[in-house]
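Each step along the sequence shown adds one to the number in the working numbering, with nothing skipped, and position 7 is 9. One structure is given here, and the rest of the page talks about it.
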Amino acid sequence: MELMATSPTRAVPVEKIAWPTDPADVTVDVVMRLVDALRLCGKDPGTIRRVFTFANLSRLIRQAETALQACPNVVTVVAPDDGAALNVFGDTHGQFYDLLNVFSVNGYPSMQNWYIFNGDFVDRGSWGLEVAVTLFAFKLLYPGAVHLIRGNHETLYCTRTYGFMEECKVKYSKAIYAKFHSAFSRLPLACVILPSGSTVPATPDGLPAGSGLGIFVVHGGLYRQPDGSAGTLSQLQAVKRNVKDPQAEVLLDALWSDPQTVPGIEDNTLRGCATLFGPDVTEAFLKAHGLSLLVRSHEGPDAREKRPHMPNNMMSGFGIDQTYGETGAPLCISIFSAPNYPMGSTARGNLGAFLRFDGPRLRTLEPEIKQFGAVTRPPVRTYFVEPQPDLTDMSDGTPR
């Protein structure tokens, strides 16, 4: 289903928004007034700090950081009962108006409409701050229905390189950038989705014992043990995540890895870090943990241009990258939720996509893939300048 576009913003006066001092006082009205203020201020980067002050934004970020810190590395999400829905988003990359367009058609987050956002909220797009604030606000409003997973762009390296630091400085200050990064370092690393009605027989490390039907959601992909073999959920659950630029192999791999079509696990030389993992590795990992599908994000059409051997180019917003050999059923799905990416002169014209589970799908965990196009965006600057290619070296292994 292709979603219909909404209208661009209008420059109108906006009332000041006060964020509650107690997270228990966060209401639907407060969050929706904040989201509307962010939408209306979108044409003028200097407006938002007058409407939502430094002190109020700092308070929201601090509360979100506390809520995220309380989450385990790997969050267990039991799908809601019939009558509700669960949605899984990939990269949004600061494309705030595209996100609002989906909300307007698919429904805003609520206790009847759950969302998992699988990282890369910021960078490249012009409204990474607005996206992050919106997701943090909904996390505080519906902590059991909104789940945020860390992506490789929620790191110091990427945000200094791809625009979010500059965006924060223009809209607020470098101090706000530091506060965002303190919260980003507390983001969980993955989640496991279990069918509606599941009981969760916890293992000693707090992980569910899957029954053969379940989804592992992680931004990049699988990760290695010290001997080079594929890692385990227990390993990911135990890793120290509160770092702003991950160096530990398990954490780095989870954020940066990519699937491949050939068997095995090997160094990801194109990225300059992390792994490439084959369908045999994916299937063994899922089987070992009683799961059935890997959902990851991380790659848009620009990244797939450098990997033409993959079975899809991500122009559709999704890719079925690996399948079960005996049935052809999806084994690994990539999902990318930033249409016409990246913003600026190099935009590819791609669709965005997300996964939706409702009705019987909440029990079977068979995803419905929803696609959507880009909306008209306010004509504001981008904060990342695409580097000109070095014609003496066409390898261009710059991480994305």
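Glycine included, C-beta positions come from ideal geometry on N, C-alpha and C. Being a predicted model, the structure only gives us computed values, none of them experimental.
Residue i, DSSP secondary structure in three states
i    : result
N89  : strand
L278 : strand
Y159 : helix
R365 : helix
G130 : helix
H311 : coil
V32  : helix
Y326 : coil
C43  : coil
G178 : For the record, residue 178 in the displayed sequence is Ile; it is not Gly. The answer is helix: DSSP assigns I178 an H, G or I state.
R350 : coil
Q237 : helix
D100 : helix
Q373 : strand
T78  : strand
W258 : helix
P248 : coil
F386 : coil
H221 : coil
H149 : strand
D269 : strand
Cβ-based neighbour list, residue i, same chain, cut-off 6 Å, excluding 5 preceding and 5 following
i    : result
D323 : P261, C334, S336
M34  : none
Q114 : A86
K18  : V53
Residue i classed as buried or exposed, judged by whether at least 16 other C-beta atoms fall within 10 angstroms
i    : result
G44  : buried
F386 : buried
H311 : exposed
D125 : buried
D93  : buried
V30  : exposed
T136 : buried
F182 : buried
V245 : exposed
Nearest-angstrom beta carbon gap, residue j and residue i [assumed within contact, 8 Å]
i    : j    : result
G216 : L367 : 7 Å
P47  : V382 : 6 Å
A185 : I151 : Not confirmed; about 14 Å, so no contact.
K308 : L272 : 6 Å
Y225 : E285 : Between E285 and Y225 the Cβ distance is about 16 Å, and since that is not below 8 Å, they are no contact.
G208 : Q249 : The pair is not a contact, with the Cβ atoms about 25 Å apart (cut-off 8 Å).
H276 : G302 : Just to set this straight, residue 276 is Ala in the shown sequence, not His. Going by Cβ atoms, the distance from A276 to G302 rounds to 17 Å, so no, they are not a contact pair.
T378 : G346 : Not a contact, Cβ separation roughly 15 Å.
K173 : L131 : 6 Å
Cβ-Cβ distance between residue i and residue j below 9 Å
i    : j    : result
W129 : F91  : no
Y110 : F138 : no
V133 : L101 : yes
V76  : L235 : yes
Y164 : H155 : yes
M316 : N270 : no
G230 : I267 : yes
P265 : P190 : no
F279 : A232 : yes
V219 : V297 : yes
G361 : D84  : yes
L142 : Q65  : yes
E80  : S213 : One detail in the question is off: residue 80 reads as Val in this sequence, not Glu. Result no, Cβ atoms of V80 and S213 do not sit closer than 9 Å.
Own chain, CB closer than 7 Å to residue i, minus 5 neighbours either side, in chain order
i    : result
A20  : N58
V252 : Y225, G233, Q237, L238, V241
Near the ligand HEM: residue i beta-carbon under 8 Å from a heavy atom
i    : result
A349 : As for the ligand HEM, it is missing from this structure, which has no ligand bound.
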